[in-house]
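Here the structure is laid out as structure tokens; the discussion comes afterwards.
Numbering (my numbering), first residue to last: 576 to 944.
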């Protein structure tokens, strides 16, 4: 039985969810009836529980601080952007590929794992391994679907699915942490090459619809600001690190060109490139317009202003504290966004104003006759 403190926490969480719905309403297309299959690849920005399953964890932060336990396992205090995108087309939340307890995969599957990179190939659950897992899932799903298993996907489902990709942030964080700026930039084409290979492998298996997010302004993350604050002249007018954000922009420019090239090269393919960087940077630069405070400070962490982040006292470890009003903060733990911030980002994504070509997410719904 919950004590008074726990009851108050969940009451506050419910109120926060109502506030998010009022300030960042997400359009739900009446023509989408949960029939869009979504297959996701990425890192912690879209991991819906795979990392926690791998580690065998049952209860860790932020799990016990989520709004409801259907969202357990996310690196967030609630919903991720991918969760809001699923809701917008009346889909259930994506089940991690690692889930082995007889789950239903008819609405899609999530291969994203927290900490994933495109490289090196030796890293566990990098993008190449996620693609290998997709091949295995596809093969088994087709085999069992043909034998009457209604919880899996058939050939038509997989061909008409929307393949979403959100990866690269950990790659950039890794190279900027270990190399000079000049050497770090030289690694970016290798990351893009791995994303290109991933898209082509899915395409060769029949996939034709892709939704690709660029990477956000990593120089605005409390973790980055605490770790890489070497030069006083590296801060922009909003307090973010110019060098890291410039690196992210170079990555994004090359990712944009890749999407353009593949549209010309591959027949009958649709690739939507989404400028998440611009959405997130605007959230930081104009935080008060969105109802946020302390845009560069983590809600859950240790150390207090200006960033409330310390590597030895991360959210869920050591002497961390949690802010009183999570809906007012952009950063949850110094590296990931709060549900409130994710709602704001998802709302902008769904507008299609940041997409090239400007297709709406719900345009991929396979409308039943």
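Each residue gets a CB set at the ideal place from its N, CA and C atoms; glycine is no exception.
None of the values given here were measured: they were computed from a predicted structure.
ask   = Residue range of the beta strand (DSSP E) that residue 848 falls in?
value = 845-849
task = Hey, could you find the ends of the beta strand (DSSP E) residue 787 is sitting in?
result = 784-788
key: Secondary structure of residue 741, DSSP reduced to three states   = strand
query = With respect to the alpha helix (DSSP H) encompassing residue 709, which residues constitute its N-terminal and C-terminal limits?
reply = 702-721
query = Cα separation between residue 638 and residue 840?
reply = Any reading at residue 638 must be qualified, since the residue scores a pLDDT of 46, below 50, and its modelled position is unreliable; the value itself is stated next. Cα-Cα distance, rounded: 43 Å.
inquiry  = Going by the DSSP bridge assignment, what does residue 766 pair with across the sheet?
reply    = None; residue 766 has no bridge partner.
request  = Rank 817, 894, 877 by C-alpha distance to the C-alpha of residue 804 and give the top, closest one.
outcome  = 817
inquiry  = Any beta carbon from chain D within less than 9 Å of residue 622's own beta carbon?
reply    = Looking at the structure shown, chain D is missing, and only one protein chain is on hand.
request  = Under 7 Å Cβ to Cβ from residue 850, same chain only, skipping five residues before and after it: list those, please.
outcome  = 789, 929
task = Let me know the secondary structure DSSP gives residue 699 once reduced to three states.
result = It is coil, neither helix nor strand.
task = Rounded to whole angstroms, what's the CA-CA distance from residue 815 to residue 730? Just pull it up for me.
result = Going by the C-alpha atoms only, they are around 46 Å apart.
inquiry  = Residues in the same chain with beta-carbon distance under 6 Å from residue 794, minus the five sequence neighbours each way, listed in chain order, please.
reply    = 815, 816, 819, 820
request  = Quick one: using the 10 Å Cβ neighbour count with 16 as the cut-off for buried, is residue 906 buried or exposed?
outcome  = buried
query = Are the beta-carbon atoms of residue 716 and residue 701 separated by less than 9 Å?
reply = no
task = State the start and end residues of the unbroken alpha helix (DSSP H) segment that holds residue 659.
result = 656-663
inquiry  = Would you say the beta carbon of residue 671 is closer than 8 Å to some non-hydrogen atom of the ligand MG?
reply    = Of ligands this structure carries none, so the ligand MG is not represented either.
key: Where the alpha helix (DSSP H) through residue 820 begins and ends   = Segment 817-840, the alpha helix (DSSP H) holding residue 820.
key: Rounded separation between residue 884 and residue 796 - CA only   = 10 Å
query = Whose C-beta lies closer than 7 Å to the C-beta of residue 693 among residues of the same chain, with five residues either side of it excluded?
reply = 701, 702, 742, 743, 746, 766, 769, 770
ask   = residue 645 by DSSP, collapsed to three states: which one?
value = helix
query = Where are the beta strand (DSSP E) runs, 3 residues long or more, that stay fully inside the segment 838-910, in chain order?
reply = 845-849
ask   = Over what stretch of residues does the alpha helix (DSSP H) that includes residue 683 continue unbroken?
value = It is not in any alpha helix (DSSP H) - residue 683 instead sits in the beta strand (DSSP E) that spans 683-685.
message = Can you tell me whether residue 616 is helix, strand or coil according to DSSP?
response = strand
key: Coil, strand or helix - residue 778 by DSSP   = In the three-state reduction of the DSSP assignment, residue 778 falls in the helix class, which pools H, G and I.
Local conformation of residue 668 per DSSP, three classes = If DSSP states are grouped into helix, strand and coil, residue 668 belongs with coil.
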